[in-house]
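Engineer: Attaching a single structure in C-alpha cells format; questions to follow.
There are 2 protein chains.
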Amino acid sequence: MAINLPHLNTKTTFPIKPRTNLGPSSARYMPRAIAVAQNHSYWASIEADVHDHLNKAIQIRPPETVFEPMHYLTFAAPTTAASALCVAACELVGGDRAEALAAASAIHLMHAAAYAHEHLPLTDKSRPESKPEIHHKFDPNIELLTGDGIAPFGFELLARSMDPARTDHPDRILRVIAEISRACGSQGMINGLHKEEEILDQYSRFEFVEYVCKKKYGEVHASGAACGAILGGGDDEEIERLRRFGLYAGTVRGLMEKENIPEIQNIIRKLKDLALEELEGFHGKNTDLISSLVFEPSLCVA
Amino acid sequence: MAINLPHLNTKTTFPIKPRTNLGPSSARYMPRAIAVAQNHSYWASIEADVHDHLNKAIQIRPPETVFEPMHYLTFAAPTTAASALCVAACELVGGDRAEALAAASAIHLMHAAAYAHEHLPLTDKSRPESKPEIHHKFDPNIELLTGDGIAPFGFELLARSMDPARTDHPDRILRVIAEISRACGSQGMINGLHKEEEILDQYSRFEFVEYVCKKKYGEVHASGAACGAILGGGDDEEIERLRRFGLYAGTVRGLMEKENIPEIQNIIRKLKDLALEELEGFHGKNTDLISSLVFEPSLCVA
Numbered sequence: 001m002a003i004n005l006p007h008l009n010t011k012t013t014f015p016i017k018p019r020t021n022l023g024p025s026s027a028r029y030m031p032r033a034i035a036v037a038q039n040h041s042y043w044a045s046i047e048a049d050v051h052d053h054l055n056k057a058i059q060i061r062p063p064e065t066v067f068e069p070m071h072y073l074t075f076a077a078p079t080t081a082a083s084a085l086c087v088a089a090c091e092l093v094g095g096d097r098a099e100a101l102a103a104a105s106a107i108h109l110m111h112a113a114a115y116a117h118e119h120l121p122l123t124d125k126s127r128p129e130s131k132p133e134i135h136h137k138f139d140p141n142i143e144l145l146t147g148d149g150i151a152p153f154g155f156e157l158l159a160r161s162m163d164p165a166r167t168d169h170p171d172r173i174l175r176v177i178a179e180i181s182r183a184c185g186s187q188g189m190i191n192g193l194h195k196e197e198e199i200l201d202q203y204s205r206f207e208f209v210e211y212v213c214k215k216k217y218g219e220v221h222a223s224g225a226a227c228g229a230i231l232g233g234g235d236d237e238e239i240e241r242l243r244r245f246g247l248y249a250g251t252v253r254g255l256m257e258k259e260n261i262p263e264i265q266n267i268i269r270k271l272k273d274l275a276l277e278e279l280e281g282f283h284g285k286n287t288d289l290i291s292s293l294v295f296e297p298s299l300c301v302a
Numbered sequence: 303m304a305i306n307l308p309h310l311n312t313k314t315t316f317p318i319k320p321r322t323n324l325g326p327s328s329a330r331y332m333p334r335a336i337a338v339a340q341n342h343s344y345w346a347s348i349e350a351d352v353h354d355h356l357n358k359a360i361q362i363r364p365p366e367t368v369f370e371p372m373h374y375l376t377f378a379a380p381t382t383a384a385s386a387l388c389v390a391a392c393e394l395v396g397g398d399r400a401e402a403l404a405a406a407s408a409i410h411l412m413h414a415a416a417y418a419h420e421h422l423p424l425t426d427k428s429r430p431e432s433k434p435e436i437h438h439k440f441d442p443n444i445e446l447l448t449g450d451g452i453a454p455f456g457f458e459l460l461a462r463s464m465d466p467a468r469t470d471h472p473d474r475i476l477r478v479i480a481e482i483s484r485a486c487g488s489q490g491m492i493n494g495l496h497k498e499e500e501i502l503d504q505y506s507r508f509e510f511v512e513y514v515c516k517k518k519y520g521e522v523h524a525s526g527a528a529c530g531a532i533l534g535g536g537d538d539e540e541i542e543r544l545r546r547f548g549l550y551a552g553t554v555r556g557l558m559e560k561e562n563i564p565e566i567q568n569i570i571r572k573l574k575d576l577a578l579e580e581l582e583g584f585h586g587k588n589t590d591l592i593s594s595l596v597f598e599p600s601l602c603v604a
C-alpha cells in the first residue's frame, strides 16, 4: 500500500531536535483532561477572532439583496480547521495573531463559497449520495451568484489587509494570495471535488479516497499553515515544515470521516506520525496545541 | 431623467487641454475608413496578446479532467472589452503592454467564470428569458466546478505576475487585485447579476437596465482601465480619469444591446460625451484608439 503524498521520501536537512528539548512551557506532561481543555480553548479563541474579523468585513448593508445572502452563506458553512491553522502557524513562528486574520478569513471565504456551490441543486443528479441535503434559504440562482461574490471578496480582503503604516511586506501578501488561490483552485480543492465527481461508483476504493482527501482538505490546510508561517515571518524551513504538517493534518481530518474503510486506518496512523515529525523542530507550548489538530477531529468543526 | 452614475457632478481640477494640443500623430483628421481599420487592428493586436498570455497560462495538462474544461470554458466565453481596455490604458499612460497582460488575463478569467455560471442549467427556471441557451460541452457539475477553479486562477496569475527582477512594485499588483476582486464581486458584476434576477418582470424599465449595465459591465471596464493605468505607472489623476472613462464606456457597451428602449438612446448619448471628456487630458494617437471603444460596439466582441 503506497501512501502517495509528496515529500514523503524527502530527506530533510532540518535539524530534528530531541523531544526533551521542548521548552519548559510544554504541556506534554500535563494531565490529559487539562491539556484537552487547553487545546479546545486555544482553537476556540482563534475561531472567535476569525469570526469577528469576518463579521466586521461582511456587514449586512445596502444592497441587502446582495449582502444578506453573502453574510448568511459565509457563516452557514461549517468552519474549516485550515483557517484556524493559518493563525496558529503564524503564532508558532512568533508572529502576531492580527497579521494572519485576513488570510484566515480569506480561507474561510473560499471554503464557504465552495460549500455553497457544492450543495447547489443542479439539474443533473450525479452527485455523490453521501452528500447530505442542506437547507437552502435562497433561490439556487442567488446561492450560485453569492458564492461567486464570496470568493473574490476573500482576495479583496487580503489585498487590502496591508497595514498602510507597515509598507515593508506587500510581497508576503502577494505570496499568500498565490498560495490560497492555488490551494483553493484547480490544483487543490477544485481538483479534489472534480475527482469526487469522477469516481462516484468507486468511492470506496481507499486510494481514491486518499487522493480526494489530500486535494480537498490536505492542500487547503497545507496552504493555511504555510500562509500563517509566511505572514508571521517564518523562515523557509519553517514555512515548508508547516506546509507539510498542514498537508498531513488536513488529509487525516478528511480521512477520519471514512474510517470504515480498513486501509484508511493504516494511512491515518502513518500520516499522523509524519505530521508530528514536522513539528519536532519547533519549540514551546504551541507545538502541543497545533498537534492536537491531528488527534482531535472535533476541534475546529462547528 | 437622471443619469445616476457616480462622479458625474464632480468638478475636476485636471487641466483640460484644448483638442488642438493633440500630438501630430493624432488620427483625428484621418479618412474614416483608415481610422476604423487602425482601430480594429489595434484592439485585435491587444486581444491576440491577451489570448496568447492566457493560452500559455492554461495549457491542457494532467489532470486533463480538470484542465480540459478549464481551457475550454476560458475560451468559450465571448471576449470582454474590459480586458483589452486594461492593456490600452496601460499604453496610454506610457506603460509597456507586457505589464498589463496578467491583469487583462485575470479580468478575462473572472468574466469567463461568471459567463459559465450564468449559463448553468439550474433547477429553477427563473432566469431572464433574454439569455440564450448555450451549448454545454460538460456536465453541469463540471462546469460549475470549473468556473470555481477559473476565478482563483486569475488571482494566482496576478499574484505571480511580478517580475522577480523588478521587486519595486508589489504594491501596484496588490492594488490591482483589490480593484479586480471588487469590480468582479458583490459590489460590481455580481451585484449587476443579482439585480438582473431581482427585476425579471421589470427588465424593460430603463433605470433598472441602466443600473444593471453599470454594475455588470461598467464597473469591470472601470476597473480594467484603472488597473492598466496603475500598472503603466499613471498618476492618480490619470488613473481616476481612465476609471471614469471605463465606467461610461462599459455602461454604454452594455446599453447598446438594449437600444430598443427609447430612453436608453438618450442615456447612451450623454455617457458617450462624458467618456470622451475624460480622455481630453491625454495626448497622442492612443486617445483616438481608446475612444473608438465607445463608438464601435463590434470592437472587442468575439
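Respectively, the protein sequence lines represent chains G and V.
So the first sequence is numbered by our numbering: it starts at 1 and just counts up by one.
So the second sequence is numbered by our numbering: it starts at 303 and just counts up by one.
C-beta: ideal position from N, C-alpha, C; glycine also.
The structure presented is a predicted model; accordingly, all values stated were derived computationally and were not measured.
(1) Measuring only between beta-carbons, confirm whether residue 184 (chain G) sits less than 7 Å from chain V.
(2) Start and end of the alpha helix (DSSP H) containing residue 136 (chain G)?
(3) Take the Cβ of residue 111 (chain G) as the centre, count every other Cβ of all protein chains shown within 10 Å, and call the residue buried at 16 or more, exposed below.
(4) Mind reading off the beta-carbon distance from residue 455 (chain V) to residue 186 (chain G)? Whole number of angstroms is fine, and I expect it under 8 Å.
(5) When you compare each of V:528, V:374 and V:570 to residue 393 (chain V) by their alpha carbons, which one comes out closest?
(6) Taking the CB atoms as reference points, tell me whether residue 220 (chain G) and residue 183 (chain G) lie closer together than 7 Å.
(7) Can you tell which of V:382, V:417, V:357 and V:451 has its C-alpha closest to the C-alpha of residue 524 (chain V)?
(8) In its own chain, which residues sit with a C-beta less than 8 Å from the C-beta of residue 532 (chain V), not counting the 5 before and 5 after it?
(9) Three or more C-beta pairs under 8 Å: does that hold for the stretch 96-115 of chain G against the stretch 54-67 of chain G?
(10) Would you list, in sequence order, the uninterrupted alpha helix (DSSP H) runs of no fewer than 4 residues that lie entirely inside the stretch 40-113 of chain G?
(11) Can you tell me whether DSSP reads residue 340 (chain V) as helix, strand or coil?
(12) As an exercise, report each continuous alpha helix (DSSP H) stretch of at least 4 residues that is fully enclosed by the stretch 560-603 of chain V, in chain order.
(13) How would you call residue 373 (chain V), buried or exposed, if buried means at least 16 neighbouring beta carbons within 10 angstroms?
(14) When you compare only the Cα positions, how much space is there between residue 322 (chain G) and residue 449 (chain V)?
(15) Can you look up residue 537 (chain V) in the DSSP assignment and give me helix, strand or coil?
(16) Measure the C-alpha to C-alpha separation of residue 534 (chain V) and residue 347 (chain V) and round it to an integer number of angstroms.
(17) Decide if residue 41 (chain G) is buried, meaning its Cβ has at least 16 other Cβ atoms within 10 Å, or exposed.
(18) Determine the closest residue to residue 250 (chain G) out of G:281, G:47, G:215 and G:160, with distance taken between C-alpha atoms.
(19) Would you report the Cα separation of residue 60 (chain G) and residue 556 (chain V), rounded to the nearest angstrom?
(20) Thinking residue 49 (chain G) and residue 97 (chain G) are a contact (beta carbons under 8 Å), I'd like their distance in whole angstroms, please.
(21) In terms of alpha-carbon separation, which member of G:290, G:84 and G:248 lies closest to residue 273 (chain G)?
(22) Indicate the three-state DSSP secondary structure (helix, strand or coil) for residue 31 (chain G) in the structure shown.
(23) In chain V, which residues lie with their C-beta within 9 Å of the C-beta of residue 197 (chain G)?
(24) Using a Cβ cut-off of 7 Å, pull out every chain G residue sitting near residue 479 (chain V), in sequence order please.
(25) Using a Cβ-Cβ cut-off of 7 Å, state whether residue 530 (chain V) counts as contacting chain G.
(26) Assign residue 34 (chain G) to buried or exposed, taking buried as 16 or more other Cβ atoms, counted over all protein chains shown, within 10 Å of its Cβ.
(27) Which residue wins for smallest C-alpha separation from residue 67 (chain G), given the options G:150, G:300, G:236 and G:85?
(28) Under a CB-based cut-off of 7 Å, is residue 453 (chain V) close to chain G?
(29) For residue 264 (chain G), which residues of its own chain have a beta-carbon under 6 Å away from its beta-carbon, when the five flanking residues on both sides are left out?
(30) Quick one: Cα of residue 190 (chain G) to Cα of residue 181 (chain G), how far?
(31) When DSSP labels each residue in this structure, what does residue 117 (chain G) get in the three-state scheme?
(32) Using the C-alpha atoms, what's the distance from residue 447 (chain V) back to residue 438 (chain V)?
(33) If we define contact as Cβ-Cβ less than 7 Å, is residue 306 (chain V) a contact residue for chain G?
(34) So that I know if they touch, is there some Cβ in chain V lying closer than 7 Å to that of residue 231 (chain G)?
(35) Closest Cβ-Cβ distance between residue 525 (chain V) and chain G: below 7 Å?
Structural biologist: Looking at the coordinates:
(1) True, the Cβ-Cβ gap to chain V drops below 7 Å.
(2) Residue 136 (chain G) -> no alpha helix (DSSP H), and no H or E assigned at all.
(3) buried
(4) Rounded, the Cβ-Cβ distance is 6 Å, consistent with contact.
(5) V:528
(6) yes
(7) Put simply, of V:382, V:417, V:357 and V:451 the residue whose alpha carbon is nearest the alpha carbon of residue 524 (chain V) is V:382.
(8) 474, 477, 478, 481 and 541
(9) yes
(10) 64-76 and 81-92
(11) helix
(12) 564-581 and 587-597
(13) buried
(14) A question about residue 322 (chain G) goes unanswered here, because the residues of chain G that appear run from 1 up to 302.
(15) Here residue 537 (chain V) carries a coil assignment [DSSP, helix/strand/coil].
(16) 18 Å
(17) Classified as exposed, residue 41 (chain G) has fewer than 16 neighbouring CB atoms from the shown chains inside 10 Å of its CB.
(18) G:215
(19) Here the C-alpha atom of residue 60 (chain G) lies approximately 29 Å from the C-alpha atom of residue 556 (chain V).
(20) 7 Å
(21) The residue with the shortest Cα to Cα distance from residue 273 (chain G) is G:248.
(22) coil
(23) 367, 441, 443, 444 and 447
(24) 155, 159 and 177
(25) no
(26) exposed
(27) Each of G:150, G:300, G:236 and G:85 was checked against the Cα of residue 67 (chain G), and the nearest Cα belongs to G:150.
(28) yes
(29) So the list reads 206, 255 and 258, once near-sequence residues are dropped.
(30) For residue 190 (chain G) and residue 181 (chain G), the distance between alpha carbons rounds to 11 Å.
(31) helix
(32) Straight-line Cα distance between these residues: approximately 14 Å.
(33) Caution applies to residue 306 (chain V), whose pLDDT of 48 falls short of 50 and renders its modelled position unreliable; the value that the coordinates give is listed next. It does not: the Cβ of residue 306 (chain V) has no partner Cβ on chain G nearer than 7 Å.
(34) no
(35) Taking Cβ atoms only, chain G never reaches closer than 7 Å to residue 525 (chain V), which makes this a no.
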